[in-house]
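Q: Reading the sequence shown from the start, the letters are residues -18 to -1, 1 to 314 in mature numbering (1 follows the signal peptide of the UniProt record, and there is no 0). Think of the CB as a built atom: it goes at the ideal place given N, C-alpha and C, for glycine as much as any other residue. Nothing here was measured: the structure is a model prediction, and the numbers come from that model. Have a look at this one.
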Amino acid sequence: MRFLALPFLLLFSSLAAAAEPVTVYSYRQEFLIKPLLDTFTKQTGLETQVVFAKKGLEERLKREGKLTPADVVLTTDLSRLTTLVDMGLTQAVNSDVLSNNLPDAYRDPQGHWFALTTRVRNIYTSKARVGKVEIDYEDLASPELPGTICMRSGKHPYNIALVASIIAHHGEAQTKEWLTGVKANLARKPQGNDRAQVKAVSEGLCDYAIGNSYYFGKMLKDKNQKAWADAVFINFPNQNNRGAHVNVSGAVMTKYAKNPEGAKQLLEFLSGELAQQQYAEVNMEYPVNPKVAPSELVASWGQFKADAIPVYQLAQHYRSAVSLLDEVKFDL
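Structure below.
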């Protein structure tokens, strides 16, 4: 009986593991993620459980340690991906599917994180006062633009990544000069979110604003914000040289995932054509999977050249970027 019971127990254990849900901690919003996870469940039969949060997931994972229920973390930007890795909260994933679906520039070389969407850090200009222009990020520090620029906090992850890209191309000394010049050209103290900057341009508070591309699409589809978007042109910076800075959203498998096989299947699904198309249509982000085209609205803004520096290389400049922002007292 003992010999007969062992295979039965092994089979029971295997079935139980297969039925275990994939638990997701998500910085990405429910309206975007829930439909994706519902489709994943229909395709694979694997259920999911989700914790949505705006902040604090890294600290929660660290506090939970080996007892964490989380298998996957979905993040909104590269800085959070690299923070999870630096805190030792992730594990490498070896997957031919992920390697085939995602270009090298948008994957951690050690396999600890994977980008799922990209967004451009655009420069918006007033239609009435500036028009559509060819512009570089470097131009924002020009002494010819005093009091004309609006942007959110320099310490926001989106802007830290942009500053990191400037460091990657120009070094810390020139980047500090650039930050000093941009600060001198601000129309007001950094504040609000990306949409608030476009709103400020529409109200005549400034002529230039910095913001992520997908917010432009969201404003165009929002009856209460469409007038803001209609008041500006979206410009892709640095098209005559290195290309526009892009940031990413992405995902990791947690170090102590209880369902690593299910987590791997979810990551592979999110990198696939169906999920990538849904990202593109619902949130107006650029798919990372090169087989998937952007939404019709996003495509209408035109093609652009992206910065050739792999996004994972920007992470090494994040601490320097924050230090420089503090040195010039950018937000004060």
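Could you compute how far the alpha carbon of Val310 sits from the alpha carbon of Gly244?
A: The straight-line gap from Cα to Cα measures roughly 46 Å.
Q: Name the residue from Pro172, Asp204, Ala209 whose alpha carbon lies nearest to the alpha carbon of residue 316.
A: Look at the range of the chain in this structure, -18 to 314, and you will see that residue 316 is not part of it.
Q: Report yes or no: do three or more beta-carbon pairs, one from the region 88 to 106 and one from the region 217 to 229, lie closer than 8 Å?
A: These segments touch.
Q: Should Ala191 go down as buried or exposed, given a rule of 16 or more other Cβ atoms within 10 Å for buried?
A: Classification for Ala191: buried.
Q: Can you list, in chain order, the residues of its chain with a C-beta nearer than 7 Å to that of Gln295? Leave out the 5 residues immediately preceding and following it.
A: Same-chain partners within the cutoff: Ala150.
Q: Any idea if Glu126 is buried or exposed, counting beta-carbon neighbours within 10 angstroms, 16 or more meaning buried?
A: Per the 10 Å Cβ criterion, exposed.
Q: To which residues of the same chain is Ile148 closer than 7 Å at the C-beta, ignoring the five residues directly before and after it?
A: Cβ within range, chain order: Tyr119, Thr157, Trp160.
Q: Which class does Ala257 belong to by DSSP, given the choice of helix, strand or coil?
A: Helix at Ala257.
Q: With 16 other CB atoms within 10 Å as the buried threshold, where does Lys237 fall?
A: Result: buried.
Q: Could you compute how far the alpha carbon of Lys273 sits from the alpha carbon of Gly186?
A: Cα to Cα, the separation comes out at about 41 Å.
Q: Using 8 Å as the threshold, is the region 65 to 80 in touch with the region 257 to 277, meaning 3 or more CB pairs across them?
A: The answer is no - the region 257 to 277 does not touch the region 65 to 80, with fewer than three Cβ pairs under 8 Å.
Q: Between Asp308, Ala288, Phe96, Gly27, which lies nearest to Asn220 when the distance is taken from Cα to Cα?
A: Ranking the options by Cα distance to Asn220, first place goes to Ala288.
Q: Between which two residues does the alpha helix (DSSP H) containing Val280 stretch?
A: From DSSP, the alpha helix (DSSP H) with Val280 extends over 278 to 281.
Q: Taking 7 Å as the limit between beta carbons, can you name the residues of its chain near Val115, skipping five residues before and five after?
A: Around Val115: Thr107, Asn217.
Q: Apart from the five residues on each side of it in sequence, which residues of its chain come closer than 7 Å, Cβ to Cβ, to Ala275?
A: If we look at Ala275 and ignore the five residues flanking it on each side, its Cβ neighbours are Ala281.
Q: By a C-beta neighbour count over all protein chains shown, 10 Å radius and 16 as the cutoff for buried, is Leu(-15) buried or exposed?
A: Confidence at Leu(-15) is low in this model, with a pLDDT of 38, below 50, so its placement is unreliable and no value can be given for it.
Q: Mapping DSSP to helix, strand and coil, what is Phe218?
A: In the structure shown, Phe218 sits in coil (DSSP, three-state: anything other than H, G, I, E or B).
Q: Identify, in the order they occur along the chain, each residue of the same chain with its Cβ nearer than 6 Å to the Cβ of Tyr7, setting aside the five sequence neighbours on each side.
A: Excluding sequence neighbours, Tyr7 sits near Val33, Leu39, Ala52, Val55.
Q: List the endpoints of the continuous beta strand (DSSP E) containing Asn229.
A: Unbroken beta strand (DSSP E) run through Asn229: 228 to 236.
Q: If you follow the beta strand (DSSP E) that Val6 is in, where does it begin and where does it stop?
A: It spans 4 to 8 - the beta strand (DSSP E) in which Val6 sits, taken as one unbroken run.
Q: How is the alpha helix (DSSP H) around Leu19 delimited, first residue to last?
A: First-last of the alpha helix (DSSP H) with Leu19: 12 to 26.
Q: Which residues does DSSP list as the beta-bridge partners of Gln92?
A: Note: Gln92 sits in no beta bridge, so no partner.
Q: If you compare alpha carbons, which of Asn76, Ser77, Val183 is closest to Leu168?
A: Nearest of Asn76, Ser77, Val183 to Leu168, Cα basis: Val183.
Q: To which residues of the same chain is Gly284 closer than 8 Å at the C-beta, ignoring the five residues directly before and after it?
A: The answer, listed in chain order, is Phe218.
Q: Taking the C-alpha atoms as reference points, what is the distance between Asp189 and Thr50?
A: So the two alpha carbons sit approximately 47 Å from each other.
Q: In whole angstroms, what is the alpha-carbon distance linking Leu307 and Glu29?
A: Roughly 43 Å separates the two Cα atoms.
Q: Run through DSSP, which three-state label would Gln173 get?
A: The answer is coil: DSSP assigns Gln173 none of H, G, I, E or B.
Q: May I ask you to report which of helix, strand or coil DSSP gives Gly33?
A: Inspection of the sequence shows that residue 33 is occupied by Val rather than by Gly. Three-state result, Val33: strand.
Q: May I ask which residues mark the beginning and end of the alpha helix (DSSP H) holding Leu71?
A: It is not in any alpha helix (DSSP H) - Leu71 carries neither H nor E in the DSSP assignment.
Q: Compute the Euclidean distance between the alpha carbons of Thr58 and Glu278, then round it to the nearest angstrom.
A: So the alpha carbons of these two residues sit roughly 23 Å apart.
Q: Quick one: what does DSSP say Asn265 is sitting in, helix, strand or coil?
A: DSSP places Asn265 in helix when its eight states are reduced to three.
Q: Looking at the strands, I want to know which residues DSSP matches up with Tyr190.
A: In the DSSP output, where bridge partners are listed per residue, Tyr190 has Thr107, Ile131.
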